[in-house]
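In case it helps, our numbering puts the sequence shown at residues 2 to 286.
Written out below as structure tokens is the structure these notes cover.
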Amino acid sequence: MKEKIAVVTDSTSDLTRDDLDKFGIKSIPLKVIYSNQQFHDRVDITPAEVYESFEREIPTTSMPSPQEIMDVYNELKDEGYTHIISIHISSGLSATYSNCMMVADQIEGIEVEVIDSKMLSKGLGRLVLYANSLVEKEELSFAEIIEKVEAKKDKIEVFFVVETLKYLKKGGRIGKISGTIAEFLNIKPIIAIDDEGEYFTFEKVRGRKRSLKKMYSIIKDRLQEGREYVVDVMNAAAEEEGQGLLDRFKELSQVKETCFSEISPVMVVHTGPGLIGVVLTELDQ
Numbered sequence: 002m003k004e005k006i007a008v009v010t011d012s013t014s015d016l017t018r019d020d021l022d023k024f025g026i027k028s029i030p031l032k033v034i035y036s037n038q039q040f041h042d043r044v045d046i047t048p049a050e051v052y053e054s055f056e057r058e059i060p061t062t063s064m065p066s067p068q069e070i071m072d073v074y075n076e077l078k079d080e081g082y083t084h085i086i087s088i089h090i091s092s093g094l095s096a097t098y099s100n101c102m103m104v105a106d107q108i109e110g111i112e113v114e115v116i117d118s119k120m121l122s123k124g125l126g127r128l129v130l131y132a133n134s135l136v137e138k139e140e141l142s143f144a145e146i147i148e149k150v151e152a153k154k155d156k157i158e159v160f161f162v163v164e165t166l167k168y169l170k171k172g173g174r175i176g177k178i179s180g181t182i183a184e185f186l187n188i189k190p191i192i193a194i195d196d197e198g199e200y201f202t203f204e205k206v207r208g209r210k211r212s213l214k215k216m217y218s219i220i221k222d223r224l225q226e227g228r229e230y231v232v233d234v235m236n237a238a239a240e241e242e243g244q245g246l247l248d249r250f251k252e253l254s255q256v257k258e259t260c261f262s263e264i265s266p267v268m269v270v271h272t273g274p275g276l277i278g279v280v281l282t283e284l285d286q
């Protein structure tokens with residue numbers, strides 16, 4: 002029987018509604034939770050609404066429930082899909098992956114492969130788009146696509162700087178980043194994600210301007226001659242700084258594509274305003 006493969010992700014991929022609709026990718030929303038109500042990420046709440054609420058209440062977040070995941074998988078099964086590639090935010094940052102694994106083990110009548118991206122934001126988004134491009138070509142089997150997607154993780158890197166570590170600490174997402182003393186000294190750590198999918202301090206830099214300048218240098222130094230890259234710049238209420246950084250990347254000859262966008266409401270909860278993130282993706286030769 003011919004394989005019919007669907008691609009599924011979650012709302013932390015920072016893929017736009019246009020992206021999802023254009024490629025037929027299903028996205029399962031995480032949740033932003035306040036004391037008196039909850040919202041579905043990128044569905045009925047915006048990043049701006051999260052910022053505006055911070056003075057009153059800093060919300061919490063939650064992964065999709067097993068039933069919500071099961072509903073998406075079953076919907077695809079009913080549409081005639083035989084296989085699902087379900088790619089999600091790092092298991093070191095969210096239980097979304099483990100919930101998807103649990104559902105994948107229970108569902109019958111469709112084969113589901115759940116992939117831990119070990120990333121988030123457009124790093125996850127680029128991995129999802131890559132998987133979808135392989136599916137659309139219809140040249141590889143389900144197993145072969147899984148293998149290539151797993152290998153692609155090594156070709157995508159995520160770096161970011163936040164205005165304050167307060168939100169990462171409050172949300173329990175501080176990972177391997179040292180906090181209080183660094184903030185006292187105005188250290189703005191450049192944060193990356195390690196092999197376990199957790200945040201760590203990639204480099205310590207004093208001051209905001211220097212940290213953004215250093216992040217540019219880190220990306221530039223990673224560009225190899227004869228290879229081509231995509232650079233995504235993400236922001237959380239830091240559009241002007243982010244756009245300035247993006248303009249510099251556009252001038253680099255190895256950078257063949259750039260994209261500028263805003264992180265999802267769920268991630269805003271954990272970073273606060275002022276985040277600038279850069280995702281570097283090496284294109285296949």
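Glycine included, C-beta positions come from ideal geometry on N, C-alpha and C.
Note that this is a predicted model, so its numbers are computed, not measured.
When rounded, the separation of the alpha-carbon atoms in Leu16 and Arg207 is 32 Å.
Selection Val234, Tyr82, Val8 and Val51 evaluated against Ala132 yields Val8 as nearest (Cα-Cα). The count of Cβ pairs closer than 8 Å, one atom from the region 143-152 and one from the region 107-119, reaches three, so the stretches are in contact.
DSSP, read as helix, strand or coil, puts Gln38 in coil.
Separation of Asp222 and Ile192 (C-alpha to C-alpha, rounded to the nearest whole angstrom) is 17 Å. Contact holds between the region 272-281 and the region 236-248, because three or more Cβ pairs, one in each stretch, are under 8 Å apart.
Between Glu4 and the set Val256, Tyr74, Glu139 and Asp195, the nearest pair of CA atoms involves Glu139.
Contact annotation: Met235 and Ile194 have beta-carbon atoms that are not nearer than 8 Å.
Within the region 192-229, the complete beta strand (DSSP E) segments at least 3 residues long are 200-204, listed from N- to C-terminus. In its chain, beyond the 5 residues on either side, Leu246 and Arg249 have a beta carbon closer than 7 Å to the beta carbon of Tyr217. Ranked by Cα distance from Glu164, the options Ile188, Val231, Lys156 and Ser142 are led by Ile188.
Rounded to the nearest whole angstrom, the C-alpha separation of Asp11 and Met120 is 12 Å. Note on geometry: alpha-carbon atoms of Phe261 and His84 lie some 32 Å from one another. Here Tyr98 has His89, Ser92 and Asp117 as same chain residues with Cβ atoms under 6 Å from its own Cβ, once five neighbours each way along the sequence are excluded. Rounded to whole angstroms, Pro190 and Leu166 show a C-alpha spacing of 9 Å. Distances from the CA of Leu130 to each of Ser63, Pro274 and Ile26 were compared; the closest alpha carbon is that of Ile26. In the three-state reduction of the DSSP assignment, Met235 falls in the strand class, which pools E and B. For Lys257, the closest C-alpha among the options His271, Val232, Gly273 and Pro266 is that of Val232. Going by C-alpha positions, Glu58 is about 12 Å away from Gln38. When DSSP states are grouped into helix, strand and coil, Glu58 belongs to the coil group. For Thr97, there is no enclosing beta strand (DSSP E); the residue is part of the alpha helix (DSSP H) that begins and ends at Thr97 to Gln107.
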